[in-house]
Amino acid sequence: MLKQVNNIKYLIMHTKAFNPENAAMLLIDHQVGTMAWTHSHDINLVKQNAIKLAKIAKALNMPVILTSSMEEYVQGPLIPELQELLPEAFAARIKRPGIVNAMHHDGFNEAVKALGRKKLFVAGVTTEICVTFPVLQMLDEGYEVQVSADASASYTQYGDNLALERMRQAGAIITTVDQIISELAIDWTSPNGQKLVGILNYH
């Protein structure tokens, strides 16, 4: 089935598919200090995948919200690549004063609601703290959530696995950056597919 939006034809594979017109990207606490605490994954790969998510949002003009926690402390600033790729979102980032669940922060919660989109891609550090609790609340509030496991990380692999399983059991889809790219591309020969194939970058 073809759907035309803004003079671009999208092949909609199924009714629940996430696409650039109905989804948004939420990147939580990809901060220099916080990422250094994680050991569940290769942190360089986690960083590369977080950057890929930012590139996806930029390439497809998808709404994106960035948030950070206690930047002035050891957690530090968001990784500089996010500022380079998404300067407007970076300038508007939600700076939380230590609230664990970002959805408990009025500014973040209101920003998510203001997007007007019920399908959310989420990634962050750490998975077991900064991602799990807002995702559980998002699900309770009626959002559909895909968690990019490979753009998230925790202090231990054990903690990361349990957090992902908890979110999955609550109804979140656990996915990877490359699955997100493929779902949004639909057809590599389409305009969006051409933008995303370079981000996939298996070469």
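Numbering-wise (this note's numbering), the sequence shown opens with residue 18 and increments by one. Backbone N, C-alpha and C fix where the C-beta goes; we use that ideal spot for every residue, glycine too. Computed from a prediction, not measured in an experiment: that's the story for all the values here.
- Assignment of beta-bridge partners to Thr192 by DSSP yields Ser165.
- For Gly215, the three-state secondary structure derived from DSSP is helix.
- Judged by pairs of C-beta atoms under 8 Å, the region 61–72 does not touch the region 149–159, as fewer than three such pairs exist.
- Looking from the CA of Ala106, the closest CA among Met79, Lys130, Glu182 and Leu201 belongs to Met79.
- Restricting attention to Val81, Leu137, Ser57 and Lys112, the CA atom closest to the CA of Leu179 is found in Ser57.
- Excluding its 5 nearest sequence neighbours in each direction, Trp205 has C-beta neighbours in its own chain below 6 Å: Val214, listed in chain order.
- Here DSSP, grouped into helix, strand and coil, assigns Gln65 to helix.
- Under a 10 Å Cβ-count criterion, Lys130 is classified as exposed, with fewer than 16 other Cβ atoms of the shown protein chains found around its own Cβ.
- Counting C-beta atoms within 10 angstroms of its own C-beta, Pro151 has 16 or more neighbours from the protein chains shown and is therefore classed as buried.
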